[in-house]
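Numbering (UniProt numbering), first residue to last: 1 to 278. Cβ atoms here follow ideal geometry from the backbone N, Cα and C, with glycine treated the same way. Since the structure comes first, as structure tokens, the remarks are kept for the end.
Here you go:
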């Protein structure tokens, strides 16, 4: 297996492939994270909304991997965006995760009822206290991303957004690259939609790869991009890591990049409804 590739921003290195855990709960979550860590994953993404931090933490504790080797992300519920709630809920997350710190804390969605300055002040406090190594946001449009960056003393490491061939995020990606930030892509397989794409299938066949591997390679070849595909299937978990020993041509990357409001909107709506109902 080829070695993991990393993206770097503000002195922090992040594995380009991580494990997303949205919709993984209970023992299924524990088993998926345990299998991923055994396979070589070192980047795990969870959230307060997912209600699986305890299972993620238990898998990390039971794994034969030093905590310092891992990059663990969790996210604040939008309802926990107020200063005191940021502090209190993060401590609760750390307790559930069984760790003294997280490598990255994100605000999961913008909260229009709370000053972003209050949220970032609290996140800065957590950085100062050593409870959080890096801060960031998720699902932020550029104007709100800039407000968050202006309000924070610490560097805003990333904006976590939907990112796949049908949602290439050209504007946001270009902005993050220009500012030296990372873009963290969730739903990099467009919730499976890419599997039926003729160009994805054609290119996958030419490299003797799966459509998922081609879509993930498309994503990770973009500068400053890391992705967090979700899977509980051991075979898929392993295949998702095995993408760094081939490289798509510029023409192939272009052929796969096909913005679609219909396909990306359906994936985003599905995700928003499921998460906000949690």
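Quiz item: Do residue 164 and residue 182 come within 8 Å of each other at the CB atom, strictly closer than that value?
Solution: Taking the chain shown and counting its residues from 1, one reaches residue 182 at position 182. Taking the chain shown and counting its residues from 1, one reaches residue 164 at position 164. Going by C-beta atoms, residue 182 is not nearer than 8 Å to residue 164.
Practice problem: Helix, strand or coil for residue 222, going by three-state DSSP, please let me know. | Solution: Numbered from 1 along the chain shown, position 222 holds the residue referred to as residue 222. In the structure shown, residue 222 sits in coil (DSSP, three-state: anything other than H, G, I, E or B).
Quiz item: With DSSP run on the structure shown, which of helix, strand or coil describes residue 258?
Solution: The residue given as residue 258 occupies position 258 in the chain shown. Three-state DSSP puts residue 258 in coil, outside helix and strand.
Quiz item: Does the Cβ of residue 246 have 16 or more other Cβ atoms within 10 Å, making it buried, or fewer, making it exposed?
Solution: The sequence position of residue 246 within the chain shown is 246, counting from 1. Looking at its Cβ environment, which holds fewer than 16 other Cβ atoms inside 10 Å, residue 246 is exposed.
Practice problem: Could you check which residue in 66, 118 and 64 has the C-alpha nearest to that of residue 86? | Solution: Numbered from 1 along the chain shown, position 86 holds the residue referred to as residue 86. Of the listed residues, the one whose Cα sits closest to residue 86 is 118.
Quiz item: What runs of the beta strand (DSSP E), each 3 residues or longer, lie entirely inside the segment 157-220?
Solution: Runs found: 182-186.
Practice problem: Classify residue 154 as buried or exposed, calling it buried when 16 or more other Cβ atoms lie within 10 Å of its own Cβ. | Solution: Position 154 of the chain shown, counting from 1, holds the residue named residue 154. Label assigned to residue 154: buried.
Quiz item: Sorted by chain position, which residues of the same chain lie with C-beta nearer than 7 Å to residue 156's C-beta, five sequence neighbours on each side aside?
Solution: Translated into positions along the chain shown, residue 156 becomes position 156. Around residue 156, the same chain offers 135, 136, 137, 148, 149 and 181 as residues with beta carbons nearer than 7 Å, after the five sequence neighbours per side are excluded.
Self-check item: First and last residue of the uninterrupted beta strand (DSSP E) at residue 74
Solution: The sequence position of residue 74 within the chain shown is 74, counting from 1. Secondary structure note for residue 74: its beta strand (DSSP E) is the uninterrupted segment 71-76.
Quiz item: Are there 16 or more other CB atoms within 10 angstroms of the CB of residue 41, so buried, or fewer, so exposed?
Solution: Sequence index remark: in the chain shown, residue 41 carries index 41 (1-based). In this structure residue 41 is buried. Its beta-carbon is surrounded by 16 or more other beta-carbon atoms within 10 angstroms.
Quiz item: In the structure shown, what three-state DSSP assignment does residue 34 receive?
Solution: To locate residue 34, count along the chain shown from 1; it is residue 34. If DSSP states are grouped into helix, strand and coil, residue 34 belongs with the helices.
Practice problem: Alpha carbon to alpha carbon, how far is residue 49 from residue 254? Give it in angstroms, no decimals. | Solution: Walking along the chain shown from the start, residue 254 turns up at place 254. Walking along the chain shown from the start, residue 49 turns up at place 49. So the alpha carbons of these two residues sit roughly 35 Å apart.
Quiz item: Given that a residue counts as buried once 16 or more other Cβ atoms are within 10 Å of its Cβ, and exposed if not, what is residue 91?
Solution: Walking along the chain shown from the start, residue 91 turns up at place 91. By the neighbour-count rule (16 or more Cβ atoms within 10 Å), residue 91 is not buried but exposed.
Quiz prompt | Residue burial classification, residue 275 (beta-carbon count within 10 angstroms, cutoff 16) | solution = Counting from 1 along the chain shown, the entry for residue 275 is found at position 275. Unreliable placement is indicated for residue 275, whose pLDDT of 49 sits below 50; no coordinate value is reported for it.
Quiz prompt | At least 3 beta-carbon pairs within less than 8 Å: the segment 109-127 vs the segment 53-69 | solution = No: the two stretches stay apart, fewer than three of their Cβ pairs being nearer than 8 Å.
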